[in-house]
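Heads up: the sequence shown at position 88 corresponds to 88 in the UniProt record's numbering, and the numbers run straight through without jumps. Note that beta-carbon positions come from the ideal geometry of N, C-alpha and C, so glycine has one too. One structure is given below, encoded as structure tokens.
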Amino acid sequence: MRKQKPRKGYFLEGSYYSSKRINQDFFGEDARAECSGILTQVAMPFLYNLLLGKLARPIKEKLPDNEDSSDNGSVDLSTFDDTPLDDVLDTLPKAAP
């Protein structure tokens, strides 16, 4: 994952955007989609798929047994789904080669 980095340099060749070089096209949907596609499918697909897999995992909803129980700020890990990550990754769209 360390080897995956966004391209360096000024846009179009890189990921850096100078405020002096930005025009109205930068704020359009086409430009946003192109930038997202490059970042998620070319520059950093492993990180994108890892985060998408984590965020796509369903969380089991568990209601508290006792409404009067005090909340000490701890997290109840039993509420998280224990679906293996490999099963979740199989449902994700494949990145372009």
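Under DSSP, Y16 takes part in a beta bridge, and its partners are Y10. For R32, the uninterrupted alpha helix (DSSP H) segment begins and ends at E29 to G37. Here DSSP, grouped into helix, strand and coil, assigns N49 to helix.
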